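The structure under discussion appears below in the form of structure tokens.
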Amino acid sequence: MSSLKKINSALISVYYKDNLEPVIQKLHALGVEIYSTGGTLSFIEKQNVPVKAVESLTAFPEILGGRVKTLHPKIFGGILGRRELQSDVAQMEAHHIPNIDLVIVDLYPFEETVAGGASEEDIIEKIDIGGISLIRAAAKNFNDVVIVSSRNDYGSLLNLLNEKNGFSDKADRKHFAAKAFAMSSHYDTAIFNYFNTTEQIGNLKVSIDKGNPLRYGENPHQKGTFFGDLDAMFDKLNGKELSYNNLLDVDAAVNLMADYTSEPTFAILKHNNACGVASRSTLAEAWKDALAGDPVSAFGGILITNTAVDEATAQEVNKLFCEVIIAPAYDAKALDILKSKPNRIILVQKPATLPKTQIRTLLNGVIEQDKDMKMETAADLKTVTNTSPTADEVRDLIFANKLVKHTKSNTIVLAKNNQLLASGTGQTSRVDALKQAIAKAVSFGFDLKGAVMASDAFFPFPDCVEIAHKAGITAVIQPGGSIKDKDSIEYCNAHGVSMVFTGTRHFKH
Numbered sequence: 009m010s011s012l013k014k015i016n017s018a019l020i021s022v023y024y025k026d027n028l029e030p031v032i033q034k035l036h037a038l039g040v041e042i043y044s045t046g047g048t049l050s051f052i053e054k055q056n057v058p059v060k061a062v063e064s065l066t067a068f069p070e071i072l073g074g075r076v077k078t079l080h081p082k083i084f085g086g087i088l089g090r091r092e093l094q095s096d097v098a099q100m101e102a103h104h105i106p107n108i109d110l111v112i113v114d115l116y117p118f119e120e121t122v123a124g125g126a127s128e129e130d131i132i133e134k135i136d137i138g139g140i141s142l143i144r145a146a147a148k149n150f151n152d153v154v155i156v157s158s159r160n161d162y163g164s165l166l167n168l169l170n171e172k173n174g175f176s177d178k179a180d181r182k183h184f185a186a187k188a189f190a191m192s193s194h195y196d197t198a199i200f201n202y203f204n205t206t207e208q209i210g211n212l213k214v215s216i217d218k219g220n221p222l223r224y225g226e227n228p229h230q231k232g233t234f235f236g237d238l239d240a241m242f243d244k245l246n247g248k249e250l251s252y253n254n255l256l257d258v259d260a261a262v263n264l265m266a267d268y269t270s271e272p273t274f275a276i277l278k279h280n281n282a283c284g285v286a287s288r289s290t291l292a293e294a295w296k297d298a299l300a301g302d303p304v305s306a307f308g309g310i311l312i313t314n315t316a317v318d319e320a321t322a323q324e325v326n327k328l329f330c331e332v333i334i335a336p337a338y339d340a341k342a343l344d345i346l347k348s349k350p351n352r353i354i355l356v357q358k359p360a361t362l363p364k365t366q367i368r369t370l371l372n373g374v375i376e377q378d379k380d381m382k383m384e385t386a387a388d389l390k391t392v393t394n395t396s397p398t399a400d401e402v403r404d405l406i407f408a409n410k411l412v413k414h415t416k417s418n419t420i421v422l423a424k425n426n427q428l429l430a431s432g433t434g435q436t437s438r439v440d441a442l443k444q445a446i447a448k449a450v451s452f453g454f455d456l457k458g459a460v461m462a463s464d465a466f467f468p469f470p471d472c473v474e475i476a477h478k479a480g481i482t483a484v485i486q487p488g489g490s491i492k493d494k495d496s497i498e499y500c501n502a503h504g505v506s507m508v509f510t511g512t513r514h515f516k517h
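Reading the sequence shown from the start, the letters are residues 9 to 517 in the working numbering.
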């Protein structure tokens, strides 16, 4: 038996009517009988297309301020009735229930209402009952019914009506049904998460309805997809599409720069870690000193700044091969210079609200945690040594501590004059991280005398402060909390090194 089925009747009741008119006109041209409600009924009438009110079928008025419109056996029977099951057909005939072959229904804008800061009363009224029920019913009976649950699919429906002259096959109907269940699932997730902000039920529900396939995942043999709305965060002005690894680096860069807001700052990242960062009075100086932090690793890196890129800075940046550059704006001449490399990805970062929780797959499940939003200020520093840090050292300690927060553990960061000198990243030993940082700083010609050291976690032994002091470090910032804090403090006191505790660990794994 052919799966082709003719669309003879339709129920249309939508909130969004954009681009609906061509569909209405095509259905009319095909002789499809249309039922509708409320504002949609009026919209169709204005197109001079015959339409019947749902009440003419149900013989029951819309009630409760519109809360009940379509919840009636004659509507749901017409959708759910199985055309090839004789007992269903007999019941429908006995109760004078007509078949409904096409359902075009969308949902009240619940997420938009929440995002707009509406009152709880208004938000609750945007929880759709009839619409979601119609969508699920039509999707369940995809063997007989076409369901269109979003204005984004009006074009696809119109193509189907034109190409198959008012018929649909089972593959068409199943495709629309799958999209409908995706829509209903996403909608219910949004409602649950609204309630869960205060009630904390303990379930994890995540739904993102925008998926963009990537060229590949972390490696070419892995598939990858980004779920989210990059257009809400960036305007892309140049270059190829962002890759999986690009996205990881861009995420790290955006989170890092969010902690540097007081003066022009440039950062260069590779493999999610900063290899160069500097804050200066001008952006060109910030770029020069950020690059000096590790000009080798900077090749092919991700660049980000908190300041509009000017022509002078662009000329210097253009000398380096980089994958991505991110800034809040670009001067016209700067943009022309940066666009000279056709594959260079140029992003304008737009104001956007980022998630406050992080989710990661793990074993046979996922783990969720609050995002590390804490960032210490000078007021949070507790001096634990006889020598207090100078004002310049406090400034550098805060600068370095921000970097520690955004660097893979175990990590040590060395900084001076608002410049990253070097960092030890992702080491299994804190001592190894320190040695790596010192060796790297020395290799690039930095004088560590008067520099500061930041650690993401406490020192269980005094070895790190001893190594740092012998390299020229004069001030240290760390969380504290080791049962052997006293050993590190005593070494610092004996050698005139200042040390402050923050009381906050910043592991990043």
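Cβ coordinates follow ideal geometry from the N, Cα and C atoms, glycine included.
If you're wondering where the values come from, they're calculated on a predicted model, not measured in any experiment.
If contacts are defined as beta-carbon pairs under 8 angstroms, then Ala-188 and Ile-143 qualify, I think. What distance do you get, rounded to the angstrom? Sure, about 5 angstroms apart at Cβ, within 8 angstroms.
Please report the residue range of the alpha helix (DSSP H) in which Thr-321 lies. Note, Thr-321: alpha helix (DSSP H), 319-325.
For Pro-221, list the residues DSSP reports as bridge partners. Residue pairing by DSSP places Pro-221 opposite Thr-233 in a beta bridge.
Which stretch, first to last residue, makes up the beta strand (DSSP E) that contains Glu-376? Start and end: 373-378.
Residues near Gly-32 in its chain [Cβ-Cβ closer than 7 angstroms; skip 5 each side]: For clarity, residue 32 is Ile in the given sequence; the question names Gly instead. Counting only Cβ-Cβ distances below 7 angstroms, and skipping sequence neighbours, we find Ile-52, Gln-55, Val-57.
Using CA coordinates, which residue listed in Arg-513, Phe-515, Glu-331, Asn-16 is at the minimum distance from Asn-173? Minimum Cα distance to Asn-173 is reached at Asn-16.
Using a Cβ distance threshold of 8 angstroms, determine whether the region 462-477 contacts the region 411-421, with at least three qualifying pairs required. Flag = yes, the region 462-477 and the region 411-421 touch.
Curious, which full-length alpha helix (DSSP H) runs of at least 4 residues does the region 134-185 contain? Runs of the alpha helix (DSSP H) inside the region 134-185: 138-148, 162-171.
Check this for me: beta carbons of Val-111 and Ala-146, under 7 angstroms apart or not? Their beta carbons are under 7 angstroms apart, which means Val-111 touches Ala-146 by this criterion.
Phe-509: first and last residue of the uninterrupted alpha helix (DSSP H) it sits in: In the DSSP assignment, Phe-509 falls outside any alpha helix (DSSP H) and lies within the beta strand (DSSP E) extending over 506-509.
Cβ of Leu-277 within 7 angstroms of Cβ of Asp-257? Yes, Cβ-Cβ distance for Leu-277 and Asp-257 is below 7 angstroms.
Please return the same chain residues whose Cβ sits closer than 6 angstroms to the Cβ of Tyr-195, not counting the five positions on each side in sequence. Closer than 6 angstroms at Cβ, skipping near neighbours: Leu-115.
Same chain only: Cβ atoms within 8 angstroms of Lys-443, ignoring 5 sequence neighbours per side: Cβ neighbours of Lys-443 beyond the five flanking positions: Gly-432, Ile-475.
Secondary structure at Arg-438, three-state DSSP: helix, strand or coil? The answer is helix: DSSP assigns Arg-438 an H, G or I state.
Would you decide whether Ile-491 is buried or exposed? Buried here means 16 or more other CB atoms lie within 10 Å of its CB. The residue is exposed, with fewer than 16 neighbouring Cβ atoms inside 10 Å.
Express the C-alpha separation of Phe-242 and Lys-358 in angstroms, rounding to a whole number. One alpha carbon belongs to Lys-358, the other to Phe-242, and they sit about 6 angstroms apart.
Report back the beta-carbon spacing between Leu-362 and Val-332 to the nearest angstrom; my notes put them in contact at under 8 angstroms. Actually they do not touch by this definition, with Cβ atoms about 18 angstroms apart.
Does the beta-carbon of Tyr-162 have 16 or more other beta-carbons within 10 angstroms, so that it is buried, or is it exposed? Tyr-162 should be labelled buried.
Can you tell me the Cβ-Cβ gap for Asp-339 and Val-317, rounded? I've got them flagged as a contact below 8 angstroms. Right, their Cβ atoms sit about 7 angstroms apart.
First and last residue of the uninterrupted alpha helix (DSSP H) at Arg-403: Start and end: 399-413.
Between Leu-12 and Asp-177, is the Cβ-Cβ spacing less than 7 angstroms? Contact: yes.
Please list the segments of the alpha helix (DSSP H) lying wholly inside the region 454-490, counting only runs of 4 or more residues, in order along the chain. Counting only runs of 4+ residues, the alpha helix (DSSP H) found wholly inside the region 454-490 occupies 471-479, in chain order.
Could you have a look at Lys-390 and say whether DSSP puts it in helix, strand or coil? Under the three-state reduction of DSSP output, Lys-390 falls in the strand class.
For a test of the three-state rule: what should DSSP assign to Ala-61, helix, strand or coil? When DSSP states are grouped into helix, strand and coil, Ala-61 belongs to the strand group.
Given a cut-off of 7 angstroms on the beta-carbon distance, is the pair Lys-218 and Asp-239 in contact? Cβ distance not < 7 angstroms, so Lys-218 and Asp-239 don't count as in contact.
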